[in-house]
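Counting along the sequence shown from 1, when you hit position 141 you're at 236 in this note's numbering, and nothing is skipped either side. Virtual Cβ for every residue (Gly too), placed ideally from N, Cα, C. Written out below as structure tokens is the structure these notes cover.
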Amino acid sequence: MGAPHADQLISGYLARLKEETAGLPQANRRELLADVSSHVEEARRQLTDETDADILNILDRLGEPSAVAADAAERFGISRAPAVQPEVIRPGIVEIGALVLTPLLWPIGVILLWASPAWNTRDKLIGTLVPPGGYWGIGIFAAMFATAQSCNGSFSIRTCAAGGPGWLPIVPRVAALFVFLLPLVSMAYLSIRLRARSSLQRT
Numbered sequence: 096m097g098a099p100h101a102d103q104l105i106s107g108y109l110a111r112l113k114e115e116t117a118g119l120p121q122a123n124r125r126e127l128l129a130d131v132s133s134h135v136e137e138a139r140r141q142l143t144d145e146t147d148a149d150i151l152n153i154l155d156r157l158g159e160p161s162a163v164a165a166d167a168a169e170r171f172g173i174s175r176a177p178a179v180q181p182e183v184i185r186p187g188i189v190e191i192g193a194l195v196l197t198p199l200l201w202p203i204g205v206i207l208l209w210a211s212p213a214w215n216t217r218d219k220l221i222g223t224l225v226p227p228g229g230y231w232g233i234g235i236f237a238a239m240f241a242t243a244q245s246c247n248g249s250f251s252i253r254t255c256a257a258g259g260p261g262w263l264p265i266v267p268r269v270a271a272l273f274v275f276l277l278p279l280v281s282m283a284y285l286s287i288r289l290r291a292r293s294s295l296q297r298t
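And the structure:
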């Protein structure tokens, strides 16, 4: 009976080898992958009753894909460019200031946000525009909305001629709460992205 996971094990090994040989010329890359596949098939034919352990032993004898790729590059006389390491981000006063001030003192926080390399453009746009103006923008909107009163089921930024107490239906209240929480959500998102970026230095 054949090894139940032979195809998955071999496919996974070849996939890793493809990644490691991405810098090789296509002709050399195809030649290497064909040689490795042929070697694996030849070794499998010599097994009378292969198991997953046998497949793993065959792949182990080939060596790690990174080592195989390095040997191939040397054999073909090709210098492999060193892998580009992600930029290490160490959160400092600029990043902390951006996190705290973007929702509270929006203009200053946004300047710090865009000055820091800790976030990509998408993150910076989210921090800038969700919501626009941070709590300052919400405060201005709330000040305008506070003058609104219910006039026959509609809102108007004026005093109703008919008078009567102002009230807010449940939907606008929920919407107001959601808008009030948006700066905190934006700050939490930026914090998560900063933590994910800074954790690269420990991997």
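Length of the line joining the Cα atoms of residue i and residue j
i: Pro99; j: Asp147; result: 7 Å
i: Pro120; j: Glu126; result: 10 Å
i: Thr197; j: Tyr108; result: 47 Å
i: Glu137; j: Leu112; result: 19 Å
i: Leu151; j: Glu114; result: 20 Å
i: Gly158; j: Ala291; result: 32 Å
i: Ser211; j: Ala129; result: 47 Å
i: Phe171; j: Ala110; result: 21 Å
i: Ile206; j: Gly192; result: 10 Å
i: Ile233; j: Leu272; result: 11 Å
i: Arg217; j: Ser281; result: 12 Å
i: Asp149; j: Leu276; result: 57 Å
i: Pro260; j: Ala283; result: Unreliable placement is indicated for Pro260, whose pLDDT of 44 sits below 50; no coordinate value is reported for it.
i: Arg156; j: Ala117; result: 22 Å
i: Val163; j: Val131; result: 9 Å
Beta-carbon proximity check, residue i vs residue j, cutoff 7 Å
i: Leu200; j: Ser286; result: no
i: Leu289; j: Ala165; result: no
i: Val135; j: Ile105; result: yes
i: Gly229; j: Pro278; result: yes
Buried or exposed (CB count within 10 angstroms, at least 16 for buried), residue i
i: Pro226; result: buried
i: Ser133; result: exposed
i: Asp102; result: exposed
i: Arg253; result: Confidence at Arg253 is low in this model, with a pLDDT of 46, below 50, so the placement of that residue should be treated as unreliable; the coordinate-derived value is given next. Answer is exposed; the Cβ neighbour count stays below 16.
i: Glu169; result: exposed
i: Gln244; result: Note on Gln244: pLDDT 47, under 50, position unreliable in the model; the coordinate value appears next. By the neighbour-count rule (16 or more Cβ atoms within 10 Å), Gln244 is buried.
i: Asp144; result: exposed
i: Gly204; result: buried
i: Leu154; result: buried
Anticipated Cβ contact below 8 Å, residue i with residue j, distance rounded
i: Leu208; j: Gly222; result: 5 Å
i: Asn123; j: Ala167; result: 7 Å
Any C-beta of chain B under 7 Å from that of residue i
i: Arg170; result: Included in the structure is just one protein chain, with no chain B present.
Ignoring anything shorter than 4 residues or poking outside the segment 135 to 223, list the alpha helix (DSSP H) runs there in chain order. Listed in chain order, they are 147 to 157, 160 to 170, 188 to 199, 201 to 210.
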